[in-house]
Amino acid sequence: MKKFSLLFAFLLLTSCGVKQTKSLLSSGNYDEVVNNSISNLRSNKDKKGNQDYVYLLEEAFAKAKERDLNTLNLLEKDKNPANFEKIYNTYLSLNDRQEKIKPLLPLKLLNEGRNAIFPFENYNNQIVDSRKELSAYLYLKAESLMTTSDKMNFRKAYDDLNYLNQINPNYLKVLSLMNEALSKGTDYVSVNTKNETNMVIPIRLENDLLDFSTYGLNNKWTVFHGTKQKGINYDYTMVISFREILISPEQIKEREFIKE
1154 MKKFSLLFAF LLLTSCGVKQ TKSLLSSGNY DEVVNNSISN LRSNKDKKGN QDYVYLLEEA
1214 FAKAKERDLN TLNLLEKDKN PANFEKIYNT YLSLNDRQEK IKPLLPLKLL NEGRNAIFPF
1274 ENYNNQIVDS RKELSAYLYL KAESLMTTSD KMNFRKAYDD LNYLNQINPN YLKVLSLMNE
1334 ALSKGTDYVS VNTKNETNMV IPIRLENDLL DFSTYGLNNK WTVFHGTKQK GINYDYTMVI
1394 SFREILISPE QIKEREFIKE
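For what it's worth, the working numbering labels the leading residue of the sequence shown as 1154, then goes sequentially.
Okay, structure coming up:
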C-alpha cells in the first residue's frame, strides 16, 4: 500500500509539472518551457514518462526561434542604433538556447519513431558583428556624455563603459575613460570638525573619529575626506560638531584554565 501511495504521488507530481509547462507554452513563455523540459530530461531523457517534455521542448524551441528571428528582422530594418543592444542580446539568446539542448541530443519521440527536430544555426558571425556595432555605439555615446560638466552624465557614461568592457574587454581606451568618468562623476565631501565639548580632543581620537572607512559611508559616487587632498575640487563641505564625548576605561576580562 505504501509503495502504491508513493507511486501515485510521483505520477501526480509529474502530471502537475507537465500541465504547468504546457500552461507556460500557451502563455508564450517559451524559454521557461525550454528550461523546465531540459531540467526534467537531463536525468533520464529516454524514460517513457518524459515523452511529453520532448514534445514540449521541440515546440517551444521552434516558437522561441521564430519569435526571436521576427524581432531581429524588425529591429534590423529599423536601423536605430538604440536597438543595437537588443539585437546583440537576441543573437546571444538564440545561440544559448540551442547550446543548452545540444548535450541532450538525440531526443526520441517513441510514438512517431523519429528524433525530435531542432534546426540549429551558426550565429557566430551575427554575434561578432552585432557586438562590434554595439561597442562602437556605447563608446561614442559615452564620449558624448563626457563632454558635459554634468556629474549625472559622467555616471551614465561610466555605466555604459562598464557594460562595454564586460562584453568587449579592453575596447580602445575604455578603461581610461571609465576611470575618468568615475572620478568626474563622484561627489567629494570635505569633512571639518568643530569642538564644542569644552575639552581637548586628542589628535589620535579625532583622527579615529574622522576615519570614514570604518562607518561604511563611502560608496561608488560619494567619497568623504577628513583631510583635504591635493588635486580634488570638493563639491560639499560637512561640519561635524562634537558636543560631548564619553570615554570609559577599557575592561579586561581574564579567565584561567588549568590543564592537567
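Glycine residues also receive a C-beta, built at the ideal position from the N, C-alpha and C atoms.
Cut-off 6 angstroms between Cβ atoms - residues of its own chain near residue i, not counting five sequence neighbours on either side
| i | result |
| --- | --- |
| Val1327 | Leu1314, Leu1317 and Asn1318 |
| Ser1179 | none |
| Leu1291 | Asp1313 and Leu1317 |
| Tyr1183 | Ala1213, Lys1216 and Ala1217 |
C-alpha gap between residue i and residue j, whole angstroms
| i | j | result |
| --- | --- | --- |
| Asn1332 | Ile1320 | 18 angstroms |
| Leu1358 | Leu1330 | 39 angstroms |
| Ile1279 | Tyr1389 | Here residue 1279 is Gln; the residue named in the question, Ile, does not match the sequence. Distance between the alpha carbons of Gln1279 and Tyr1389 is about 48 angstroms. |
| Gly1419 | Ser1302 | This structure does not reach residue 1419, given that the chain is present from 1154 up to 1413, and the question cannot be answered. |
| Ala1174 | Glu1219 | Looking at the sequence itself, residue 1174 is Thr, so the reference to Ala does not match. Going from the Cα of Thr1174 to the Cα of Glu1219 covers about 19 angstroms. |
| Asp1364 | Ile1356 | 12 angstroms |
| Leu1177 | Asn1189 | 10 angstroms |
| Asn1306 | Ile1254 | 42 angstroms |
| Ser1158 | Ala1215 | Only weak support exists for where Ser1158 lies, its pLDDT of 47 falling under 50; the value from the coordinates is given anyway. Distance between the alpha carbons of Ser1158 and Ala1215: 38 angstroms. |
| Glu1185 | Asp1221 | 15 angstroms |
| Arg1233 | Leu1298 | Inspection of the sequence shows that residue 1233 is occupied by Asn rather than by Arg. Taking the straight line joining both Cα atoms gives about 19 angstroms. |
| Gly1181 | Phe1273 | 21 angstroms |
| Ala1289 | Asn1223 | 25 angstroms |
| Asp1231 | Thr1300 | 28 angstroms |
Selected residue, minimal CA-CA separation from residue i, among the options
| i | options | result |
| --- | --- | --- |
| Asn1275 | Gln1251, Asn1264 and Arg1267 | Gln1251 |
| Val1171 | Gln1204, Lys1216 and Asn1242 | Gln1204 |
| Glu1296 | Lys1373, Leu1325 and Gly1181 | Leu1325 |
| Leu1287 | Asn1348, Asn1306, Tyr1387 and Thr1243 | Thr1243 |
| Lys1309 | Lys1294, Ser1246 and Pro1322 | Lys1294 |
| Ser1285 | Glu1238, Asn1233 and Lys1230 | In the sequence as presented, Ser is not what sits at residue 1285; that position holds Lys. That would be Glu1238, whose Cα lies nearest to the Cα of Lys1285. |
| Tyr1387 | Thr1300, Val1353, Lys1304 and Ser1196 | Lys1304 |
| Lys1200 | Lys1230, Gly1181, Asn1264 and Asn1223 | Asn1264 |
Contact under 7 angstroms by Cβ, residue i with residue j
| i | j | result |
| --- | --- | --- |
| Leu1194 | Leu1258 | no |
| Thr1350 | Ile1398 | yes |
| Leu1262 | Val1207 | yes |
| Asn1236 | Leu1228 | yes |
| Ser1192 | Tyr1241 | no |
| Asn1323 | Phe1395 | no |
CB contact below 7 angstroms: residue i versus chain B
| i | result |
| --- | --- |
| Ile1398 | Absent here is chain B; the protein component of the structure consists of one chain. |
Contact set for residue i: own chain, Cβ-Cβ below 7 angstroms, skip 5 residues either direction
| i | result |
| --- | --- |
| Tyr1311 | Met1331, Ala1334, Leu1335 and Gly1338 |
| Lys1198 | Leu1257 and Leu1260 |
| Leu1245 | Ile1280 |
| Asn1248 | Tyr1276 and Ile1280 |
| Ile1421 | The question about residue 1421 has no answer, for the chain in this structure spans 1154 to 1413. |
| Trp1374 | Arg1308, Gly1338, Thr1339 and Asp1340 |
| Lys1412 | Confidence at Lys1412 is low in this model, with a pLDDT of 43, below 50, so the placement of that residue should be treated as unreliable; the coordinate-derived value is given next. Same-chain partners within the cutoff: there are none. |
Chain-order list of residues whose beta-carbon lies under 8 angstroms from that of residue i (same chain, five-residue window excluded)
| i | result |
| --- | --- |
| Asn1360 | Gly1379 |
| Val1434 | Because the chain is modelled from 1154 through 1413, residue 1434 falls outside the range shown and cannot be assessed. |
| Met1391 | Val1342, Ser1343, Val1344, Asn1345 and Phe1377 |
Query raised in the report: When the Cβ atoms of the stretch 1262-1276 are set against those of the stretch 1207-1227, are three or more pairs found closer than 8 angstroms?
Result: yes
Query raised in the report: How about the stretch 1370-1378 and the stretch 1337-1357: do they share at least three Cβ pairs that are nearer than 8 angstroms?
Result: yes
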